[in-house]
Amino acid sequence: MKYIVKEVSVKKIQKGENTVILVNGGDYQLVLNPTALEVFDIIDKFSTTEQLLEQLCQIYGGVDKRVLEKDLNEILRIFEIYGLITIEKEEKENDGVSKYIISGDVNYQLISDFVLKTLECDEAVKFGQKSPEYYMPVFLRYRVMQNLEFGVYAESGSKVVGYMSTSANPANSSKTLVINDIFMDESLSDDEIVRHLSGMINRVFRIVASTRAVSKIRLATYGEMATQRMIDILLRIGFEVEGVLKDETLLGDMTFYTYFVK
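Quick note on the working numbering: the sequence shown kicks off at 114 and runs consecutively.
1. Out of 318, 359, 369, which has the shortest C-alpha to C-alpha gap to residue 339?
2. Suppose contacts are defined by Cβ-Cβ distances below 7 Å. Is residue 293 in contact with residue 280 by that definition?
3. Nearest by alpha-carbon distance to residue 251: which of 197, 124, 181 is it?
4. For the alpha helix (DSSP H) holding residue 124, just list the boundary residues, first then last.
5. Does the pairing of the region 309-323 with the region 353-363 give three or more beta-carbon distances under 8 Å?
6. DSSP beta-bridge partners for residue 369?
7. For the region 217-237 against the region 180-196, are there 3 or more C-beta pairs whose distance is under 8 Å?
8. Report yes if the CB atom of residue 211 is closer than 7 Å to the CB atom of residue 269, and no otherwise.
9. Leaving out five residues before and five after residue 161 in sequence, what residues of the same chain have Cβ atoms less than 6 Å from its Cβ?
10. Go through the region 167-250 residue by residue and report every complete run of the beta strand (DSSP E) that reaches 3 residues or more, in order.
11. Quick check on residue 364: buried or exposed, where buried means 16 or more other Cβ atoms within 10 Å of its Cβ?
12. Expressed to the nearest angstrom, what Euclidean distance is found between the alpha-carbon atoms of residue 146 and residue 300?
13. So what does DSSP say about residue 277, is it helix, strand or coil?
14. Figure out for me which residue from 131, 151, 137 has the closest Cα to the Cα of residue 144.
15. In terms of alpha-carbon separation, which member of 234, 179, 125 lies closest to residue 153?
16. Let me check one thing: in DSSP terms, what residues is residue 262 bridge-paired to?
17. Check each candidate in 228, 290, 272, 229 and name the one with the smallest Cα separation from residue 373.
Below, the structure is given as structure tokens:
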């Protein structure tokens with residue numbers, strides 16, 4: 114697998130056995146163990162993971178190659194998330210199957226690329242933050258690792274066609290699953306959006322409901338956060354207006370669209 118090392122400024126700070134990498138003057142801080150630091154120090158000497166792996170096998174001759182390969186893949190994914198490298202994506206065979214996949218280290222970059230593209234499209238159905246920085250891979254990962262949100266994306270064939278996140282609930286004090294973000298590919302029809310958004314909601318619901326009670330799924334809007342097209346899609350899925358808080362925000366009323374779990 115090919116990769117490209119990005120031109121970013123980095124600074125190393127030794128912290129015991131580990132090394133802290135300050136990326137772009139401290140925008141990101143990445144803690145590396147000795148193995149990850151070894152990869153960091155030699156990564157610009159090669160251009161493929163196969164070459165890197167062979168070099169690691171020479172350095173760590175007593176370690177099983179399969180173990181080194183697993184560690185290397187995890188390290189490179191983290192490097193990609195923190196903007197140190199770009200991993201060239203392998204072409205997937207289009208099997209025509211729709212999948213709803215939970216976000217994680219192997220796909221934060223994929224999700225970020227899709228959301229940033231969708232943010233720029235006026236025709237796309239989208240709901241969430243407008244700041245591109247909010248959806249950078251490192252921040253997507255941070256919110257998941259800190260148990261602040263739970264993300265899922267829709268893949269149709271070999272293409273990402275949707276992304277949704279919900280708020281996590283560490284205290285387990287609420288039975289409501291709150292939707293934070295929705296981004297759907299501009300090429301989708303309303304029927305396709307209904308199908309994929311329903312699939313993502315069901316995927317998250319099944320996982321969350323396996324650990325705690327969930328009685329409703331909610332999305333709160335105010336001002337121009339949600340277009341009429343998006344509201345119509347929510348109503349088609351089965352959401353209904355649970356309540357309206359008049360003059361709640363600087364942008365006007367806050368409306369709660371809720372799906373009651375049967």
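Glycine is no exception: its CB is placed at the ideal position from the N, C-alpha and C atoms.
Every value quoted in this text rests on a predicted model; they were computed, and no experiment measured them.
This is what the structure holds:
1. 369
2. yes
3. Looking at the Cα atoms, 197 is the closest of the given residues.
4. No alpha helix (DSSP H) contains residue 124, which is instead part of the beta strand (DSSP E) from 123-128.
5. Contact fails between the region 309-323 and the region 353-363, because fewer than three Cβ pairs, one in each stretch, are under 8 Å apart.
6. 333, 356
7. yes
8. Going by C-beta atoms, residue 211 is nearer than 7 Å to residue 269.
9. 115
10. 198-200, 211-215
11. exposed
12. 43 Å
13. strand
14. 131
15. 125
16. DSSP output for residue 262 lists 280 as bridge partner(s).
17. 290
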